[in-house]
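Going down the list, the protein sequences come from chains X and G. Everything in the first sequence is counted per my numbering, starting at 1 for the first residue and increasing by one. Everything in the second sequence is counted per my numbering, starting at 1001 for the first residue and increasing by one. Take a look at the structure set out below.
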Amino acid sequence: MTDEISLQGVAAPPLINGELLFEEPWQGRVFGMAKALADNGLYNWSDFQSVLIEVIGDWDHSQSDLNQPYFYYDHFLKAFERLLLKRHLIDPKPLADLITTLTNRPHGHDHSHHTLGVPP
Amino acid sequence: MSEVKPQALRAEALEAILIEKGLLTPDAVDGVIAQFNERVGPMNGARVVARAWTDPAFKQQLLSNGSVAIEEFDFSGGEVDKLVVVENTANVHNVVVCTLCSCYPWALLGLPPAWYKDPAYRSRIVREPRKVLSEFGLNLPDETDVQVWDSSAEIRYLVLPQQPANLAGLAEDDLVEHITRDSMIGVARL
């Protein structure tokens, strides 16, 4: 399965000692989601990479400060969301609503993904 | 109010929606991460072994000076200041341990497996290597000489497995996928 994922170039994920480097759990989740959907045939991995390169390119061009830190998975998340919307796999309204719900939930809630409901 | 990072919330929301729509399962996401790490981790080591199997001059150099031989691959990640490669043959089986801690050729094999750091493996593989190897499912004939190599901060070992007969004639790139991490630690044969 790694054959399809380029480990070099601008869209390559960060590695440490040959292992994927996820600095925070959400980064692993979004990587796993993007690849699992490609494995399920909802898009080609190369389609995702093109969007990712586009997102990173946009960011590059918008930087006036060359020392601005680069966070690979922020771009990865943005590219994943952009591709899902472009392919009509998700709708923007329910996504925005759910993000609001999650943002407003009380601290110390149950983090389980399985108990999360999607608002109508 | 939530104190979770906005990116984490977005990722969580996306996953919930994709699961709700039946496009994704949490297990699929876990599976991708696990498979990817399993494949990518030991890939550098597998490339070195595949090269040694297909290029006799490289193999000779690898066995005489592993650190110099792998320079051309330009692996990042360090941890292989002095690499010693030990070759399995029909009569000799090599296995690697770090009795003091968990020294390991990270740049070649990725992160060490949990059992490699386990005090039981670290002490028992020296005392009773055949028994430990049999618990890994590797039963060696009595006539096979088992050699245990103790890694240190200065020296990292890599086992050069024997090339199985059914892989003879394959190109270097095609061989890589058949070479497992455990065979390069020496707790498995191919």
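All C-beta atoms in this analysis are idealised placements derived from N, C-alpha and C, irrespective of residue type, glycine included. In this text the structure is predicted, and so the values were computed from the model without any measurement.
Within-8 Å CB hit, residue i to chain G
i, result
"residue 86 of chain X", "no"
"residue 26 of chain X", "yes"
"residue 52 of chain X", "no"
"residue 58 of chain X", "no"
"residue 74 of chain X", "yes"
Alpha-carbon spacing of residue i relative to residue j, whole angstroms
i, j, result
"residue 34 of chain X", "residue 1148 of chain G", "42 Å"
"residue 1045 of chain G", "residue 1181 of chain G", "8 Å"
"residue 1136 of chain G", "residue 1187 of chain G", "6 Å"
"residue 1133 of chain G", "residue 100 of chain X", "54 Å"
"residue 38 of chain X", "residue 51 of chain X", "14 Å"
"residue 1010 of chain G", "residue 87 of chain X", "18 Å"
"residue 54 of chain X", "residue 1025 of chain G", "28 Å"
"residue 1058 of chain G", "residue 1082 of chain G", "17 Å"
"residue 1177 of chain G", "residue 1049 of chain G", "11 Å"
"residue 1116 of chain G", "residue 1043 of chain G", "18 Å"
"residue 1142 of chain G", "residue 1185 of chain G", "20 Å"
"residue 1054 of chain G", "residue 1096 of chain G", "24 Å"
"residue 75 of chain X", "residue 106 of chain X", "28 Å"
"residue 1069 of chain G", "residue 1061 of chain G", "6 Å"
"residue 17 of chain X", "residue 1075 of chain G", "Any answer about residue 17 of chain X is weak, because its pLDDT of 46 lies below 50 and its placement is not dependable; what the coordinates show is given next. Those two C-alpha atoms are separated by around 9 Å."
"residue 1175 of chain G", "residue 1084 of chain G", "22 Å"
"residue 102 of chain X", "residue 1018 of chain G", "16 Å"
"residue 1152 of chain G", "residue 1094 of chain G", "16 Å"
"residue 1013 of chain G", "residue 73 of chain X", "16 Å"
"residue 49 of chain X", "residue 1120 of chain G", "44 Å"
"residue 1183 of chain G", "residue 1109 of chain G", "11 Å"
"residue 1088 of chain G", "residue 1144 of chain G", "10 Å"
"residue 61 of chain X", "residue 71 of chain X", "15 Å"
Cβ-Cβ distance between residue i and residue j below 8 Å
i, j, result
"residue 1098 of chain G", "residue 1150 of chain G", "yes"
"residue 1159 of chain G", "residue 1086 of chain G", "yes"
"residue 42 of chain X", "residue 89 of chain X", "yes"
"residue 98 of chain X", "residue 1016 of chain G", "yes"
"residue 1101 of chain G", "residue 1156 of chain G", "no"
"residue 24 of chain X", "residue 1008 of chain G", "yes"
"residue 1051 of chain G", "residue 1128 of chain G", "no"
"residue 1146 of chain G", "residue 1130 of chain G", "yes"
"residue 1028 of chain G", "residue 36 of chain X", "yes"
"residue 32 of chain X", "residue 1179 of chain G", "no"
"residue 1138 of chain G", "residue 1164 of chain G", "no"
"residue 77 of chain X", "residue 30 of chain X", "yes"
Chain-ordered neighbours of residue i on chain G, where CB pairs are closer than 8 Å
i, result
"residue 94 of chain X", "1017"
"residue 81 of chain X", "1010, 1014"
Cβ of residue i within 8 Å of any chain X Cβ
i, result
"residue 1155 of chain G", "no"
"residue 1132 of chain G", "no"
"residue 1033 of chain G", "yes"
"residue 1083 of chain G", "no"
Chain X contact residues for residue i, given Cβ-Cβ distances below 7 Å
i, result
"residue 1029 of chain G", "29, 32, 33, 36"
"residue 1024 of chain G", "33, 36, 37"
Under 7 Å by beta carbon: chain G residues contacting residue i
i, result
"residue 99 of chain X", "1009, 1010, 1013"
Contact with chain C by residue i, beta-carbon distance below 8 Å
i, result
"residue 90 of chain X", "Protein chains in the displayed structure are X and G, and chain C is not among them."
* Asked: For the region 1097–1131 of chain G, which segments carrying the alpha helix (DSSP H) assignment without a break, of at least 4 residues, lie completely within its bounds, in sequence order?
  -> Runs found: 1106–1109, 1114–1117, 1119–1127.
* Asked: For the region 1004–1052 of chain G, which segments carrying the alpha helix (DSSP H) assignment without a break, of at least 4 residues, lie completely within its bounds, in sequence order?
  -> Whole alpha helix (DSSP H) segments, 4+ residues: 1006–1020, 1026–1040.
* Residue ranges of each beta strand (DSSP E) run of no fewer than 3 residues wholly in the region 1059–1095 of chain G, ordered along the chain? -> List check, beta strand (DSSP E) in window: 1083–1087.
* If you scan the region 39–105 of chain X from start to end, which runs of the alpha helix (DSSP H) of 4 or more residues do you find wholly inside it? -> With a minimum length of 4 residues, the unbroken runs of alpha helix (DSSP H) contained wholly in the region 39–105 of chain X fall at 45–62, 72–86, 92–104.
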